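Just so we're aligned: the sequence shown equals residues -19 to -1, 1 to 343 in mature numbering (1 follows the signal peptide of the UniProt record, and there is no 0).
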Amino acid sequence: MGFVSFYLLPLSLAVVCQGYNVNFRLTAKFQDNTDIDRSLILDLTSSEIFVLRSTEFQDKYGRDNVFKPSASDTFENISQPFQVNYTGEYNGKDSTVLGFLGKDNVTIILHNEVARFGVAQKITAEEIVFGTDGYPNAGRIGFSRNIANGSLAENQFPRARKLSLEVGVSPNSSAVRTSIGLGDFNYDPKRLRTKVRSLPHPNGLWGLSVARITIGNVVNIRNYKAVITTTLDGITLPFAVFQQAIRTLGAKYSRENRHYTVDCNRNIPIILEINGVKITIRFDAIIAQLDKVCVLKLRSVASADKVVLGLPFFINNGIGLDYESGEIHLYDSTYDEDSVAINGVVQTANGARQFITTEFFE
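And the structure:
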């Protein structure tokens, strides 16, 4: 019997000369070739699963990044159109994925069942299948709270209940521990910073209130509404706060690179106050080295109270998402250099799984 098997891989992170290159990915095995592991981008701001069809995308992205439906003896074309729109505010660029819905016997994370997912035939902006490392992926898998055709929520995800995402850097930056957990939270309770209820959102996105944003000596006080995303390599701030950040960091606009550049040694973090607790976004998380300068991973939005917390937010800031209660747990995920280095899958007695990678650097 043909099947598709989805299983989690830890968040992929590479330390560059300045800053971090972060990607949340899962891998999938499809019956058309079970020897190939295909990567899917983990997406908190959508609920759909889609994979690239070989007919349209194999020549461009290779066999490892496409799916051939006809090669699975259990795949069923549902004969319904599949469409999902991705917005630039959470993904870096607007894009629409078009195709058809399929159904197949799948193993998704914890359960084996017949599930529905999209088979993509066209993408208006193909950047959405690329990671921050420049490598293409075979599609996306959504973890928002909404239910949609071809979504984890529609299929089996409510049974999994909880998702945790983290990356921990050691105090001397010599080691990085990355982890994705599903089924239950597995962080040390002593590391919990705070719990908050996710803000209501029409598209089921995960969001929280931020009372203060501090950059250097500048403190901005307002009821900011922040959305958490795993598919934007940056932090979006209200225009006024963004302008203050540019001045405080001494950033200069480069017409050549079309980015703001900054002294790589500036080392001024962004500090958020969430539920009375200070959460730090490290300076080295919001920069990337380009040639001999550092580029800021900051964006601005016209809204006076909107914030988007993208991939830089996760450095030493673990999050736990409870799909039943709607709670967001924020905890310290700094890597403890004295802890045992783990690579692989850890499974608890209650069936929860944690997928861990530990990397060391000179």
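Ideal Cβ positions, reconstructed from N, Cα and C, are used throughout, including at glycine. Please read all numbers here as calculations on a predicted model, not as lab measurements.
query	result
Residues near Q64 in its chain [Cβ-Cβ closer than 6 Å; skip 5 each side]	L79
Span separating the alpha-carbon of W187 from that of K176	13 Å
Which listed residue (I337, D319, D317 and T315) has its alpha carbon closest to that of residue 344	Residue 344 falls outside the range modelled here, since the chain spans only -19 to 343, and no answer is possible.
Separation of F11 from Y42, as counted between CA atoms	16 Å
Where V222 falls: helix, strand or coil (DSSP)	helix
Three-way DSSP call (helix, strand, coil) for P117 in this model	strand
When L213, V100, G299 and S284 are compared against V222, the one with the closest alpha-carbon	S284
DSSP three-state assignment for G(-18), whether helix, strand or coil	Summary for G(-18): the model assigns pLDDT 43, below 50, so the residue's position carries little reliability; its value from the coordinates is reported in the next sentence. Coil, per DSSP.
Boundaries of the alpha helix (DSSP H) in which K41 is found, first to last residue	S35 to Y42
7 Å CB neighbourhood of G197 in its chain, flanking five on each side removed	T229 and I249
C-beta contact flag for S145 and G291 at 8 Å	no
Burial state of A52 (16 or more Cβ within 10 Å)	exposed
Presumed contact (8 Å Cβ cut-off) between G120 and R97, rounded CB distance	That pair is no contact at about 14 Å.
C-beta atoms of Q109 and Y67 nearer than 8 Å	The sequence shown places Ile at residue 109, not Gln. Contact: yes.
Proximal residues to E147 (C-beta, below 6 Å), its chain only, five neighbours per side dropped	S160, G299 and S314
F341 burial status per 10 Å Cβ neighbour count (16 or more: buried)	exposed
Range of the contiguous alpha helix (DSSP H) that encloses Y312	Taken as a continuous stretch (DSSP letters only), Y312 belongs to no alpha helix (DSSP H), being part of the beta strand (DSSP E) at E308 to D313.
I267 (DSSP reduced to helix, strand or coil)	coil
CA-to-CA distance, V199 to L279, given in whole angstroms	17 Å
8 Å Cβ cutoff met for L23 and F5	yes
Per-residue DSSP class, three states only, for Y205	strand
Straight-line Cα distance separating I227 from L(-11)	At L(-11) the pLDDT is 46, less than 50, meaning the model places this residue with poor confidence; the figure from the coordinates comes in the next sentence. Going from the Cα of L(-11) to the Cα of I227 covers about 36 Å.
Whole-angstrom distance between E70 and A269, CA atom to CA atom	19 Å
Close beta carbons around V191, own chain, < 7 Å, minus the five adjacent residues each side	Y205, A207, L253, E254, I255 and V288
Member of T212, A106, K49 and Q225 whose CA lies at the smallest distance from the CA of T36	K49
With 16 other Cβ atoms within 10 Å as the buried cut-off, status of G215	buried
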